[in-house]
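A.B. asks:
Residue numbers (our numbering): 3 to 333.
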């Protein structure tokens, strides 16, 4: 008998119609993503039900409806644990879901906590500080240049050429702006001047494996070469993606897998990395709910460059989830 999988997601168009700012809902999904996921899951032998966002999920559960498993890509809109809300709700109903647990999602969303855990595990991590108010700028004791971004942001939200600061004056100006606009703590970290990479990972624990390592090059004409919200939006015009091999690939994958395992991420996602000027690879952040748009999300892009189809990617994610859930149920 076929299993039934529920799809939970935040559809970008639904929020735009309600008047939400486009940057605020940048992490949300297009109907292209939902259609592609639905098709891939059905092709792999599942029945599917499109549930939608957390409010639709609450209604679905309150009506007594159930599914065997939920493929959850909800990002959430409010709160410091917005990505954890759907997995936590599902756990209360004893319904398993694909991707990381609510604890992992909340940890990863707070970049400072994620960095603290990863650093404690021995993974190279640049120095950083968290600024909650303007007075705390005085406590930042990291050598310039620095990089400034919202603590809970994603999809380049809040990142622009202004994020790279080279003195206290520009730091003060940019932190003030981000605190005012994004209304959340600000992460200030040592700026790494070297090459930028992202590693795609599937699996969990000792079974986790890197499926591709991709270098990201941004044209200097777009936000001074920074992988920003603008650059990500205009990636066809300003971004060049290429797979890496050899020792660089190995170094990136070692750091990425160590970070992935130290945070207990599962099933699928990405780890973002950057080199310093001495070519040492450092952990930047982890994305345990990586974008799955088949056309313009980094994970499917690197899979395509590797010769891995979108269907194969979704199959691998589902294989990880099914193995993990089956292992959990073995007494």
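Glycine residues also receive a C-beta, built at the ideal position from the N, C-alpha and C atoms.
Keep in mind the model is a prediction, meaning the values are calculated, not measured.
1) Just reading off the alpha helix (DSSP H) that residue 88 is part of, what are its end residues?
2) Is residue 22 helix, strand or coil by DSSP?
3) Look up residue 152 in the DSSP assignment and say whether it is helix, strand or coil.
4) Given a cut-off of 8 Å on the beta-carbon distance, is the pair residue 158 and residue 204 in contact?
5) Please state whether the Cβ-Cβ distance between residue 166 and residue 147 is less than 8 Å.
6) Does the region 5 to 13 come into contact with the region 271 to 283, if we say contact requires no fewer than three beta-carbon pairs (one atom in each stretch) closer than 8 Å?
7) Going by CA-CA distance only, name the one from 69, 252 and 234 that's closest to residue 100.
8) Pick from 60, 307 and 44: whose alpha carbon is nearest that of residue 90?
9) Which residue's Cα is closest to the Cα of residue 155: 25, 304 and 238?
10) Please report the straight-line C-alpha distance between residue 62 and residue 223, rounded to a whole angstrom.
11) Can you say whether residue 329 is buried or exposed, counting buried as having 16 or more other CB atoms within 10 angstroms of its CB?
12) Quick one: residues in its chain with C-beta nearer than 7 Å to the C-beta of residue 266, no 5 flanking neighbours on either side, listed in chain order?
13) In chain order, which beta strand (DSSP E) runs of at least 3 residues are fully inside the region 201 to 265?
14) In terms of residues, what are the limits of the beta strand (DSSP E) holding residue 277?
15) Within 10 angstroms of the Cβ of residue 333, are there 16 or more other Cβ atoms? Answer buried if so, exposed if not.
16) In whole angstroms, give me the CA-to-CA distance for residue 14 and residue 234.
17) Kindly identify the DSSP beta-bridge partner or partners of residue 198.
18) Enumerate, from N- to C-terminal direction, the unbroken alpha helix (DSSP H) stretches of 4 or more residues contained entirely within the region 92 to 134.
19) Using the DSSP secondary-structure output, state which residues sit across from residue 49 in a beta bridge.
20) For residue 220, I'd like the list of residues in its chain whose CB is within less than 7 Å of its CB, leaving aside the five on either flank, ordered along the chain.
21) Answer with buried or exposed for residue 82, where buried requires no fewer than 16 other C-beta atoms within 10 angstroms of its C-beta.
22) So, under 8 Å CB-CB, residue 1 and residue 212 are touching, yes? Tell me the CB distance rounded to an integer number of Å.
23) Hey, quick one: how far does the alpha helix (DSSP H) through residue 324 stretch, first residue to last?
24) Under the rule that 16 or more other beta-carbon atoms within 10 Å means buried, what is residue 195, buried or exposed?
25) Restricting to Cα atoms, I'd like to know which of 103, 273 and 46 is closest to residue 327.
26) Roughly how many angstroms lie between the CA atoms of residue 72 and residue 37, to the nearest whole one?
27) Based on DSSP bridge pairs, tell me the residues matched to residue 1.
C.D. replies: In terms of the structure at hand:
1) Judged by DSSP secondary structure, residue 88 falls within the alpha helix (DSSP H) whose first and last residues are 87 to 94.
2) In this structure, DSSP gives residue 22 a state outside helix and strand, which the three-state scheme calls coil.
3) Here residue 152 sits in strand by DSSP.
4) No, they are not a contact pair.
5) It is a contact, given that the beta carbons lie within the stated cut-off.
6) Judged by Cβ distances under 8 Å, the region 5 to 13 makes no contact with the region 271 to 283, as fewer than three pairs qualify.
7) Of 69, 252 and 234, the smallest CA-CA separation from residue 100 is found for 69.
8) It is 60 whose Cα lies nearest to the Cα of residue 90.
9) Comparing Cα-Cα distances from residue 155 to each of 25, 304 and 238, the minimum goes to 25.
10) Taking the straight line from one Cα to the other gives about 47 Å.
11) With fewer than 16 other Cβ atoms within 10 Å, it is exposed.
12) Cβ neighbours of residue 266 beyond the five flanking positions: 106.
13) Runs of the beta strand (DSSP E) inside the region 201 to 265: 211 to 220 and 241 to 245.
14) Membership of residue 277 in the beta strand (DSSP E) is indicated by the continuous run 270 to 277.
15) Note on residue 333: pLDDT 42, under 50, position unreliable in the model; the coordinate value appears next. An exposed status is given to residue 333, since fewer than 16 other beta-carbon atoms sit within 10 Å of its beta-carbon.
16) Residue 234 has its alpha-carbon roughly 16 Å from the corresponding atom of residue 14.
17) Residue 198 pairs with 218 and 276.
18) Along the length of the region 92 to 134, whole alpha helix (DSSP H) runs at least 4 residues long occupy 104 to 111 and 113 to 122, reported in chain order.
19) BP columns for residue 49 point to 6.
20) Closer than 7 Å at Cβ, skipping near neighbours: 227, 228, 229, 233, 240 and 241.
21) Under this definition residue 82 is an exposed residue.
22) Shown here, the chain extends from 3 to 333; a query on residue 1 therefore has no answer.
23) Residues 312 to 330.
24) It counts as exposed.
25) That would be 103, whose Cα lies nearest to the Cα of residue 327.
26) Straight-line Cα distance between these residues: approximately 16 Å.
27) A query on residue 1 cannot be resolved here, the shown segment of the chain reaching from 3 to 333 and no further.
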